[in-house]
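K.L.:
Residue numbers (the numbering used here), protein chains in the order written: chain A, 1 to 307; chain L, 1001 to 1307.
1. Residues bridged to residue 1308(L) by DSSP?
2. So what does DSSP say about residue 1172(L), is it helix, strand or coil?
3. If I measure Cβ to Cβ from residue 1196(L) and keep anything under 6 Å in the same chain, skipping five residues before and after, which residues do I get?
4. Would you say residue 279(A) and residue 265(A) are within 9 Å of each other, going by their C-beta atoms?
5. Could you check if residue 268(A) is buried or exposed, using at least 16 other CB atoms within 10 Å of its CB as the buried criterion?
6. Report the partner residues of residue 1024(L) according to the DSSP bridge assignment.
7. Is the beta carbon of residue 1037(L) closer than 9 Å to that of residue 1073(L)?
8. Quick one: which residues of the stretch 83-99 of chain A get their C-beta closer than 9 Å to a C-beta of chain L? List them in chain order.
9. Establish whether the CB of residue 1198(L) and some CB of chain A are separated by less than 9 Å.
10. Give me the DSSP bridge partner(s) of residue 1304(L).
11. Between residue 112(A) and chain L, is the shortest Cβ-Cβ distance under 9 Å, so that the two count as touching?
12. Check whether chain L comes within 9 Å of residue 65(A), counting only Cβ atoms and requiring the distance to be less than that.
13. Does the beta carbon of residue 132(A) come closer than 9 Å to any beta carbon on chain B?
14. Taking the alpha carbon of residue 1210(L) as the reference point, which residue from 1220(L), 1228(L) and 1258(L) has its own alpha carbon closest?
15. Taking Cβ-Cβ distances below 7 Å as the criterion, which residues of the stretch 260-275 of chain A are in contact with chain L?
16. I think residue 1136(L) touches residue 1097(L), with their Cβ atoms under 8 Å apart; what is that distance to the nearest whole Å?
17. Mapping DSSP to helix, strand and coil, what is residue 289(A)?
18. Which chain L residues are close to residue 148(A), counting only those with a beta carbon under 8 Å from its beta carbon?
19. By how many angstroms is the C-alpha of residue 1047(L) removed from the C-alpha of residue 206(A)?
20. Would residue 240(A) be called buried (16 or more neighbouring beta carbons within 10 Å of its own) or exposed?
21. So with CB distances below 7 Å, who are the chain L contacts of residue 57(A)?
22. Under 8 Å, with one C-beta from each stretch per pair, do the stretch 1010-1022 of chain L and the stretch 282-299 of chain A reach the 3-pair mark?
23. For a quick check, are the C-beta atoms of residue 54(A) and residue 1086(L) less than 9 Å apart?
24. Report the start-end ranges of each beta strand (DSSP E) in the stretch 1172-1246 of chain L that is 3 residues or longer and not cut off at the edges.
25. Counting only the same chain and skipping the five closest in sequence on each side, list residues whose C-beta sits under 6 Å from that of residue 6(A).
26. So that I know if they touch, is there some Cβ in chain A lying closer than 9 Å to that of residue 1126(L)?
27. Under three-state DSSP, which class holds residue 1037(L)?
28. Which residues bound the alpha helix (DSSP H) around residue 255(A)?
29. Say whether chain L places a C-beta atom closer than 9 Å to the C-beta of residue 237(A).
30. Determine the contact status of residue 1182(L) and residue 1012(L), defining contact as a CB-CB distance below 9 Å.
31. Is there a C-beta anywhere in chain A that falls below 9 Å from the one on residue 1119(L)?
32. Counting only the same chain and skipping the five closest in sequence on each side, list residues whose C-beta sits under 6 Å from that of residue 1130(L).
33. Residue 11(A) lies in the beta strand (DSSP E); which residues open and close that run?
34. Among the candidates 223(A), 114(A) and 236(A), whose CA atom is the shortest distance from the CA of residue 1253(L)?
35. Residue 216(A) CB to nearest chain L CB: under 9 Å?
36. Tell me which residues of the stretch 279-292 of chain A have at least one Cβ-Cβ distance to chain L shorter than 8 Å, keeping chain order.
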């Protein structure tokens, strides 16, 4: 197996479908992944918006196995493998690497709060050492609004210095552009910095970033990729403004249920609406409001039904 | 198997020992559990201070199996079984009940923030229904300073009403006495309310509470139980004040590493100092400060070496 190339461009935390028994539905996930790839969007499976933390390690392992068996190129997968328990992180990361995943997106352990940089460093370092595979590529996952466990610039730099061939990028979902900018300005050699939403895609590209990993790429993949592909053109600002209009609609709803509702509406497949507790699917009124808002901007999801 | 009796008195989130490879050490855990029981302290294994959320579901299942094989009465175990993933919660809860655990202490899923009461209700309801065992006894676990996912009084009441024989108690680790008091005043029939620390043990007993589930019962079990046994006596306030002195010392340090350090010092067993990342063991200076502070109050842990 050749060494994985570093990621760039647009990826999405692929939404995870559940069947009537609330079990993960590998076939439907495979279809969504194929559609994403057809739209030039890479697969950050098991991200926050994948309800990753509502899935067990065993369920995640089975799902990525099924995706690869179903023909998904693992090199296009940046699998979320950072768990609360060190043992889960090691097991899942090792499995993803063995399967050929192009990278792993790693949350810090997120139960204990106010932990030190030393403790977080030890977590990532232990995972890297116990996995012990030169093909491991770690993309750190900074999402303090949800994890409540931030990754400091000092910690990131320390990990890069100790593991320069392994710790190769980050997703910044702080929602704080000044934080992303500080990373971009840090001068880390070929370190891939992804904005956590397309909201900052253009800013990120103009400052040396690698792309974005965005929830709404599940529903608006082609347009987001188009901005990535054309960020140097005079149309870039207009493309960014168009993306913002769509994003702003989804942000008026609970994001994950709204993404799934859109897949249900435009994919004509209402089973997509299901979420695992503690999340709750959109109710009829929310669904009607979302449908109306998307119709008002002539929003479509071309190709989702053929996927 | 007879229906489990409801818990009362003092329980502790038993600290979890790790070996050199950072794997759980079942033998050392068994010794700590036996010592706790000999001091009249019940076993809230897999609580926050057990580093429960740094253990995989598989590791937890193996540990409780080993405890019961080692002679621990499962009726004395209130096992922490609430995980982020519904599938983990169901699996672990079902296993604990099958093993005869007297109860399960259930965190809400704690990754996604700002979730609704409906979503949290669905989580607990799904677990109860999928486990489907009349011997299941659920003690809810309210610890917003760490989980960042509070359990509202409305949610608790709704669960009690729907599952009166199953949802039988709560641990309140909010650190907010007015919240505990509001629960005590709610008039829930024989609902067992445990203070999350011995700090509120006397107040809790005087207001109809069931006891406490406290981290420091790992190190100060006999004295905490003594207050529980004597809370109606004239000495109760003095006993509470004595407990507070000990607790205040431990609270000056990161709690879990400090508890383990005390077990290492008084158990003459330095292997107890190990923690799993993201936690960090006390450093030499902290260890010296803790030792000195405990010596100044003539603190001991009688019986730990014989356990």
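Yeah, the Cβ is synthetic: ideal placement off N, Cα and C, and Gly gets one too.
P.N.:
In terms of the structure at hand:
1. One cannot answer for residue 1308(L) here, as it falls past the ends of chain L, which runs 1001 to 1307.
2. strand
3. 1171, 1172 and 1173
4. no
5. exposed
6. 1018(L)
7. yes
8. 83, 84, 85, 86, 87, 88 and 91
9. no
10. In DSSP, residue 1304(L) forms no bridge with anything.
11. yes
12. no
13. In the displayed structure, chain B is absent; the protein chains listed are A and L.
14. 1228(L)
15. none
16. 5 Å
17. helix
18. 1113 and 1148
19. 47 Å
20. buried
21. 1056
22. no
23. yes
24. 1192-1195 and 1211-1213
25. 168 and 192
26. yes
27. helix
28. 255-266
29. no
30. no
31. yes
32. 1090
33. 9-12
34. 114(A)
35. no
36. 279 and 280
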